[in-house]
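Chemist:
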Amino acid sequence: MDNWKVVGVVVEGERINVGGVNPWNHEWKATKHDPVRLPHPSYSTQMHTMHIYQIETAGRFILFAAGELSANAWGFYVPA
5 MDNWKVVGVV VEGERINVGG VNPWNHEWKA TKHDPVRLPH PSYSTQMHTM HIYQIETAGR
65 FILFAAGELS ANAWGFYVPA
């Protein structure tokens, strides 16, 4: 899982659309994938470790990477 695209950055709990759902409204399940190092969406020289999670909803699985970029600011990424 080498290629990721930015979904966005939000304050913790703020609505964001990841694969058609707001992840804050669902349980995140950690995957067996190793964490990935991804650039901050606004400051590409800043690299951050993102863990890979999945959400199961309506019979489908949504895979995404997420992590806290700074205090209460979360970055979300999906496989490219």
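First residue of the sequence shown? That's 5 in this note's numbering, and the numbers climb one at a time after it.
Even glycine gets a Cβ: it sits at the ideal position worked out from N, Cα and C.
#1: Can Val25 and Ile56 be called in contact, C-beta distance under 8 Å?
#2: Evaluate Gly63 with the Cβ neighbour count: other Cβ atoms within 10 Å of its Cβ, from every protein chain shown; 16 or more gives buried, anything less gives exposed.
#3: What residue from Gly79, Ser74 and Gln50 has the CA that sits closest to Gly12's CA?
#4: When the distance is taken between beta carbons, is Thr49 closer than 8 Å to Arg41?
#5: When the Cα atoms are used, what is the spatial distance from Arg19 to Glu31?
#6: For Val22, count neighbouring Cβ atoms within 10 angstroms of its own Cβ and tell me buried if that reaches 16, exposed if not.
#7: In angstroms, rounded to a whole number, what distance separates the CA positions of Lys9 and Ala75?
Modeler: On the basis of the supplied data:
#1: The residue you call residue 25 lines up with position 21 of the sequence shown. The residue you call residue 56 lines up with position 52 of the sequence shown. No, these two residues do not count as a Cβ contact at 8 Å.
#2: In the sequence shown, the residue the question calls residue 63 occupies position 59. Classification for Gly63: exposed.
#3: Here the question's residue 12 lines up with position 8 in the sequence shown. Gly12 has its Cα closest to that of Gly79, out of Gly79, Ser74 and Gln50.
#4: For the purposes of this step, residue 41 is taken as residue 37 along the sequence shown, with counting starting at 1. For the purposes of this step, residue 49 is taken as residue 45 along the sequence shown, with counting starting at 1. Contact flag unset, no.
#5: As a first step, residue 19 must be located in the sequence shown, where it is residue number 15. As a first step, residue 31 must be located in the sequence shown, where it is residue number 27. Cα to Cα, the separation comes out at about 15 Å.
#6: In the sequence shown, counting from the first residue as 1, residue 22 sits at position 18. That one is buried.
#7: The residue you call residue 9 lines up with position 5 of the sequence shown. The residue you call residue 75 lines up with position 71 of the sequence shown. One C-alpha to the other measures close to 22 Å.
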